[in-house]
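J.: Residue numbers (our numbering): -6 to 235. Quick reminder that beta carbons are idealized off the backbone N, C-alpha and C, glycines included. My questions will all concern the structure given below.
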C-alpha cells in the first residue's frame, strides 16, 4: 500500500469505537479516556452501562457518540434481562448497543435460541443500532458462520468478533468468515487485539467497517505520521493478542 492509498486520519477515526470497558477503571480514568476519544474525534466510545449518562454529559458537543454493552461479557443473562438492560441503556443516552450472544447456546447448535435472543434485544432497541458479539475465540468456523447468519436474521446491524475479555480477539480468518456469511446490509466490527495501524489496514481490506479498540490514539498517531513522512507501512503489529 502506498501513502496515496492510505486512508485519511478522519476516515479511520470515523470507524473507531473507543473501548472504555475494563471493570476496574476509576471515574478519573474513565474521564481521561473520554477526553482522549473527543480529542481524537473517534466515531464513538463504548462504555460500561453504569457510565452511559456520565459519558453523554461529558461528551456533549464533541460529536462523539456513546455506545454500551449488553449481557457483557458472558452473554448468559436471559433475553428478558438483556432487553431490560437495552431499554435502560437507551434511556440513559446510548446510541448503539453491543450485545453478547449466548455463547454456550451457539456452541451447542441452538441457533434458533440464539436468533430469538438477538431478536429480543433488537426489538427492545427499536431504532437504536445493535451489534452482535459472537466471541469468536470460543467458536469453530461453522459456529462463527451460524452465529453471523442468526444475527442477520434477527435484525442486527453488525456482527462483531469479541468482547476483548476472552482468550483471543479478532483474527483475519474469522473476519473473512463473518464478512462472507452475511449480506452487504450487515456490517462487520473487529474488536479484541486491534492495537496497531497495520492490523486496521489489513482488516479494512477484508471489508471491516468498525473497530473496537482502546488504542485509538496510537493507531491514529501512526497514521498521521505515515501520511506526513510518506512511509506506507510500519514494523507490523499483532492481530491476535491484547
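1. When you compare only the Cα positions, how much space is there between residue 47 and residue 38?
2. Output the distance between the C-alpha atoms of residue 156 and residue 66, rounded to the nearest integer angstrom.
3. Using beta-carbon positions only, say whether residue 184 and residue 205 come within less than 8 Å of one another.
4. Compare the C-alpha of residue 169 against each of 114, 72 and 180 and name the closest.
5. Do three or more CB pairs link the stretch 158 to 169 to the stretch 140 to 149 at distances below 8 Å?
6. Three or more C-beta pairs closer than 8 Å, one from the stretch 22 to 41 and one from the stretch 54 to 66: is that the case here?
7. Decide yes or no for the touch test of the stretch 188 to 200 against the stretch 94 to 108: beta carbon pairs closer than 8 Å, at least 3 of them.
8. Tell me the DSSP secondary structure of residue 54 in three-state form.
9. Excluding the 5 residues flanking residue 138 on each side, which residues of the same chain have their C-beta closer than 7 Å to its C-beta?
10. Evaluate residue 218 with the Cβ neighbour count: other Cβ atoms within 10 Å of its Cβ, from every protein chain shown; 16 or more gives buried, anything less gives exposed.
11. Taking a contact to mean a Cβ-Cβ separation below 8 Å, would you say residue 10 touches residue 224 in this structure?
12. Starting from residue 205, trace the beta strand (DSSP E) in both directions and tell me its first and last residue.
13. DSSP three-state label for residue 61, please.
14. Report the CB separation of residue 213 from residue 12 in whole angstroms; it is logged as a contact under 8 Å.
15. How big is the Cα-Cα spacing for residue 215 and residue 26?
16. So what does DSSP say about residue 183, is it helix, strand or coil?
17. For residue 15, name the three-state secondary structure that DSSP assigns.
18. Near residue 130, what residues of its chain come up, given a Cβ to Cβ distance below 8 Å and the 5 sequence neighbours on each side ignored?
19. Could you give the residue range of the beta strand (DSSP E) that holds residue 37?
20. Could you name the residues of the same chain whose beta carbon sits closer than 7 Å to that of residue 80, not counting the 5 residues immediately before and after it, in chain order?
21. Give me the DSSP bridge partner(s) of residue 242.
22. Let me check one thing: in DSSP terms, what residues is residue 90 bridge-paired to?
23. Out of curiosity, what's the CA-to-CA distance linking residue 142 and residue 61?
24. If you draw a straight line from the alpha carbon of residue 222 to that of residue 135, how long is it in whole angstroms?
25. What does the alpha-carbon distance come out to for the pair residue 21 and residue 44?
26. In the DSSP assignment, find the unbroken alpha helix (DSSP H) run with residue 80 in it and report its ends.
T.: The relevant details are as follows:
1. Cα to Cα, the separation comes out at about 12 Å.
2. Residue 156 and residue 66: Cα-Cα distance of roughly 6 Å.
3. Less than 8 Å divides the Cβ of residue 184 from the Cβ of residue 205.
4. For residue 169, the closest alpha carbon among the candidates 114, 72 and 180 is that of 180.
5. Here the stretch 158 to 169 makes no contact with the stretch 140 to 149; the two share fewer than three CB pairs at distances below 8 Å.
6. Touching, per the Cβ criterion.
7. No: fewer than three Cβ pairs fall under 8 Å.
8. Note: residue 54 maps to coil in three-state DSSP.
9. Counting only Cβ-Cβ distances below 7 Å, and skipping sequence neighbours, we find 170 and 174.
10. By the 10 Å Cβ count, residue 218 comes out exposed.
11. In terms of Cβ geometry, residue 10 and residue 224 do not form a close pair [threshold 8 Å].
12. Counting along the chain, the beta strand (DSSP E) containing residue 205 begins and ends at 203 to 206.
13. Here residue 61 sits in strand by DSSP.
14. Actually they do not touch by this definition, with Cβ atoms about 15 Å apart.
15. Cα-Cα distance, rounded: 19 Å.
16. Residue state, collapsed to three classes: strand.
17. Of the three classes helix, strand and coil, the one that applies to residue 15 here is coil, per DSSP.
18. Answer for residue 130: 155, 159, 160, 161, 162 and 185, listed in chain order.
19. Where residue 37 is concerned, the enclosing beta strand (DSSP E) stretches over 37 to 40.
20. So the qualifying residues of the chain are 117.
21. Residue 242 is absent from the structure shown; the chain starts at -6 and stops at 235.
22. Its beta-bridge partners are 61 and 123.
23. Answer to the nearest angstrom: the Cα atoms are 23 Å apart.
24. Computed Cα separation, rounded: 43 Å.
25. Distance from the CA atom of residue 21 to the CA atom of residue 44, rounded to whole angstroms, is 12 Å.
26. Boundaries of the alpha helix (DSSP H) harbouring residue 80: 72 to 85, taken from the DSSP string.
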